[in-house]
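Under my numbering, residues 7 to 468 are what the sequence shown spells out, in order. Input: a single structure, listed below in structure tokens.
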Amino acid sequence: MKLSRKRDRQPDARPRRFPPRPSDGLPLLGSLPAFAGDQLGYPIAATRKYGDIVDMNLAGWRTWLVSDMDALEQILVRDHNKFIKPPLIWRQITAVFGKGLLSSDGNLWQHQRRLAAPHFTPRRVQDYDALIVSLARKAVDRWQDDTTFDIHPHMMNLMLRIVTRTMFDADAESEVEIMERALNLLLEEMAHRFRRPLLIPDWVPLPSNRRYLKAIGEIDGVVDRLIQERRKDGTEGRTDYLSALMVAKDEDGQPLSDKQIRDEAVTVLLAGHETTALTMTWAFYLLARHPEIQAKVIDEIAAELGDRDASNADMPKLQLTQAVILESQRLYPAGWMFGREATEDCEIKGYFCPKGTQILIAPWVLHRDPRHYENPEAFRPERWLDGLAQRLPRYAFLPFGGGPRICIGNSLAMLETTLSLATILQSGSLEWRGERPVEPYPSATLIPQGGVHVAFKRGRVR
7 MKLSRKRDRQ PDARPRRFPP RPSDGLPLLG SLPAFAGDQL GYPIAATRKY
57 GDIVDMNLAG WRTWLVSDMD ALEQILVRDH NKFIKPPLIW RQITAVFGKG
107 LLSSDGNLWQ HQRRLAAPHF TPRRVQDYDA LIVSLARKAV DRWQDDTTFD
157 IHPHMMNLML RIVTRTMFDA DAESEVEIME RALNLLLEEM AHRFRRPLLI
207 PDWVPLPSNR RYLKAIGEID GVVDRLIQER RKDGTEGRTD YLSALMVAKD
257 EDGQPLSDKQ IRDEAVTVLL AGHETTALTM TWAFYLLARH PEIQAKVIDE
307 IAAELGDRDA SNADMPKLQL TQAVILESQR LYPAGWMFGR EATEDCEIKG
357 YFCPKGTQIL IAPWVLHRDP RHYENPEAFR PERWLDGLAQ RLPRYAFLPF
407 GGGPRICIGN SLAMLETTLS LATILQSGSL EWRGERPVEP YPSATLIPQG
457 GVHVAFKRGR VR
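Below is the structure:
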């Protein structure tokens, strides 16, 4: 998969065209130093200078940054079976996800997707509305009035509790505390791994590897206890995801092993709480920084809900509230960049794409494209209130990815974030207490660097 030396002509073939390549490349390293030094700014600058398909050399890896709508359609939909999740990235965290839905490919992924799909349909997740509101209410009731705090860990805790209850029907306080501590450590270690260019095996006795494996061990311990308790209590009459995994069959018609159940459970735990927690964190950051918009959202919530709890039936009525979620996902997509790898030679938009080419797709870039969004750097939730979602090109807004591998939990995520936001703002408002604007940190997800410091003021904004 090393970069081909011959870019222009191959024997017995017409001249092969490649996308434009940045001129900032260094010997051997290519554009890697420039890209690694500014992972958010560089992709936007390269796209605007060189076009919607940019061919980069990242330390010998041929890597395309793709923002072209038709090319995205080809990669994510028409020829999706020719592009897999890039091993270059996933090999760093094999011990975390194993062969779960997020990291698998081919027939295994198709089987896992069919198994999981019934638990994430819009009709199924709407039954979680009362539970989501109850947990959000308990969370906000614990906040001290007019006291500065970082809201990010609070959102991580809330979304972890929601996914633990909805997917596993478990709410033991001790288990939640263990998972919260281990998951936070694991996410921190994963962030370091995604930024290092070399693979360091897990068995190398580095302090970071020890922390990483210890965190995985603690999470595995919780999942194993949940499995054993469910076996003891039985799965009859239960409709949660863990129970479904325990009665499911693998591709050979055999019950899933504990390792397979574990891989799927950990995938849901990690993917199902961190991204929604980040969406909530960025939404509250933006609302605290724009109190005039927050006041309008609170007015909408008061008009539609009064003092009663929100429910799934209120989703169509909470239009501005949902628009805040969409605008937060646009400006700060949790999955700010994701990748594919070409499994065979192919052609994309007239360019030759060799087997092994790494494809980078950056919602961070797509969501800030002035061709699709007027004043793209501005927080303007109202842009979503006049049918923008229907007018946008299909791949100009990708908070959940796209194609067959679109995030299976997107309906649940929208329900969680909208109802949680409405429930919290029923009780009061958030005031910005930070010393400076928050900078996003591009790791596996888009993390608020230094936290989001706010104060909660009880009572409705007048």
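Positions of the beta carbon are idealized from the N, C-alpha and C atoms, including for glycine.
Here T424 really is in contact with L324; their C-beta atoms are around 6 Å apart, less than 8 Å.
When I138, G440, N163 are compared, the shortest CA-CA separation from R295 is found for G440. Of the residues S29, W67, A65, the one whose Cα lies closest to the Cα of A52 is S29.
The DSSP-derived three-state label of D320 is helix.
Scanning the region 34-89 for uninterrupted alpha helix (DSSP H) segments of 4 residues or longer gives 38-43, 47-56, 75-79, listed from N- to C-terminal end.
Membership of W370 in the alpha helix (DSSP H) is indicated by the continuous run 369-372. Unbroken alpha helix (DSSP H) runs of no fewer than 4 residues, entirely contained in the region 380-433, are found at 394-397, 416-433, following chain order. A residue is called buried once 16 or more other Cβ atoms fall within 10 Å of its Cβ, and V303 is buried on that count. Judged by beta-carbon spacing, M286 lies beyond the 8 Å limit of M420, meaning their Cβ atoms are not closer than that value. Cβ neighbours of D269 within its own chain (closer than 7 Å, five residues either side excluded): F103, G104, K105, G106.
The DSSP-derived three-state label of K238 is helix.
In the DSSP assignment, the residues bridged to W438 are V460.
In the same chain as T363, and ignoring 5 residues on each side of it, the C-beta atoms closer than 8 Å to its own belong to R68, T69, W70, E347, A348, in chain order. Residue pairing by DSSP places G345 opposite L366 in a beta bridge. Taken atom to atom, the span from the alpha-carbon of I99 to that of L326 is near 38 Å. By the criterion of at least three beta-carbon pairs nearer than 8 Å, the region 369-376 is not in contact with the region 106-117. Counting along the chain, the unbroken beta strand (DSSP E) around Y447 starts and ends at 446-448.
Contact between the region 170-181 and the region 134-146 is present: three or more C-beta pairs spanning the two stretches fall below 8 Å. The bridge partners DSSP lists for I354 are Y357.
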